[in-house]
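**Q** Numbering (the numbering used here), first residue to last: 18 to 210.
Would you mind keeping the following structure in view while I ask a few things?
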Amino acid sequence: MTVTLTNGTGADLSNVRYARVMDWDVPPTEFDELVTHVGTGTTSTLIRSTDDGFANANPETARLNTGIMSGTINTDFSAKGPADHGSLFVFDFGTLLVGESYTFDIFYGAGANLADALSLLSLVSPELYSLGQSSGSTSDTYPTFVFAFSGVGGDVVVPPPPPPPTGVPEPAALALFGLGLAGLGLMRRRKTA
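See the structure below:
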């Protein structure tokens with residue numbers, strides 16, 4: 018989803034802020050999930066992040082949110098929980114001059130498991146993301162849900178997949194091919210002699 022904030026007020030706007038909240042409730046352990054945040058330290062426009070999926074999305078109050086679990090304010094964390102929590106991200110895009118716009122992207126998705134979710138993220142080159150997972154005993158094999166951002170002033174935290182390999186033959190196959198050609202050449206010599 019592409020989000021565009023445009024200043025149509027007739028005056029410059031400072032401290033243009035945007036907040037987004039996600040309450041995960043991941044089955045089959047709704048209200049008792051694991052949450053991950055990645056990219057909080059490298060996203061320059063991010064002014065607040067917590068695991069509070071119930072926060073008010075008003076950016077003026079959300080920027081003061083203290084989270085649900087300890088150790089989730091403005092920091093990356095992995096599989097925090099289990100608890101009934103989610104994600105809050107508050108951005109400050111600075112000043113928008115009259116008629117100026119700021120555009121960024123939000124991604125929502127899911128993978129059959131953690132590996133699939135990370136593969137999905139590699140297709141969108143996120144700068145910041147949250148994962149929601151069931152708190153089942155093998156949570157990395159359960160469906161994993163994705164909430165991610167790009168264009169928000171961060172470094173890409175899940176790089177795109179490498180390009181497919183080119184058609185350069187491997188040395189062993191090339192050697193066998195050469196040996197076959199040499200054998201054909203010898204057979205041809207014998208027939209002509």
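Cβ atoms here follow ideal geometry from the backbone N, Cα and C, with glycine treated the same way.
As the structure is a prediction and not an experimental result, all values here were calculated from the model.
How about Val175 and Ser139: are their beta carbons less than 9 Å apart?
**A** Yes; because the gap between Cβ atoms is below 9 Å, this pair is in contact.
**Q** How many angstroms separate the CA atom of Thr53 from the CA atom of Asn75?
**A** For Thr53 and Asn75, the distance between alpha carbons rounds to 23 Å.
**Q** With which residues is Tyr159 paired in a DSSP beta bridge?
**A** According to DSSP, Tyr159 bridges with nothing at all.
**Q** Are the Cβ atoms of Ala165 and Ile123 separated by less than 9 Å?
**A** Yes, the pair counts as a contact, with Cβ atoms nearer than the cut-off.
**Q** Beta-carbon within less than 7 Å of Asn73's beta-carbon, same chain only, minus the 5 sequence neighbours each way: which residues are those?
**A** Once the five neighbours on either side are set aside, the close Cβ partners of Asn73 are Ala79.
**Q** Give me, in chain order, the residues of the same chain whose beta-carbon lies closer than 6 Å to that of Arg34; leave out the 5 immediate sequence neighbours on both sides.
**A** Pro76 and Asp109.
**Q** Compute the Euclidean distance between the alpha carbons of Glu144 and Gly116, then round it to the nearest angstrom.
**A** C-alpha separation (whole angstroms): 26 Å.
**Q** For Gly171, collect the residues of the same chain with a Cβ closer than 6 Å to its Cβ; drop the 5 residues on either side in sequence, then sort them by chain order.
**A** Counting only Cβ-Cβ distances below 6 Å, and skipping sequence neighbours, we find Gly56, Thr59, Thr60, Glu144 and Leu145.
**Q** Per DSSP, which residues does Ser147 bridge with? Please list them.
**A** Paired residues: His54 and Phe164.
**Q** Taking 9 Å as the threshold (C-beta atoms), are Ser104 and Gly70 in contact?
**A** Yes. Within cutoff.
**Q** Alpha carbon to alpha carbon, how far is Asp157 from Ala132? Give it in angstroms, no decimals.
**A** For Ala132 and Asp157, the distance between alpha carbons rounds to 8 Å.
**Q** May I have the straight-line CA-CA distance separating Ile85 from Pro181, to the nearest angstrom?
**A** Taking the straight line from one Cα to the other gives about 43 Å.
**Q** According to the neighbour-count rule (16 or more other Cβ atoms, all chains shown, within 10 Å of its Cβ), is Ser66 buried or exposed?
**A** Ser66 comes out buried.
**Q** Quick one: what's got a C-beta closer than 6 Å to Gly128's C-beta in the same chain, skipping five residues either side?
**A** Answer for Gly128: Ala134, Leu137 and Thr161, listed in chain order.
**Q** Excluding the 5 residues preceding and the 5 following Ile64 in the sequence, name in chain order all residues of the same chain whose CB lies nearer than 8 Å to its CB.
**A** Contacts found: Arg34, Arg80, Val107, Phe108 and Asp109.
**Q** Helix, strand or coil for Thr60, going by three-state DSSP, please let me know.
**A** Here Thr60 sits in coil by DSSP.
**Q** Determine whether the beta carbon atoms of Pro177 and Ser142 lie at a separation below 9 Å.
**A** Yes, the Cβ-Cβ distance between Pro177 and Ser142 is below 9 Å.
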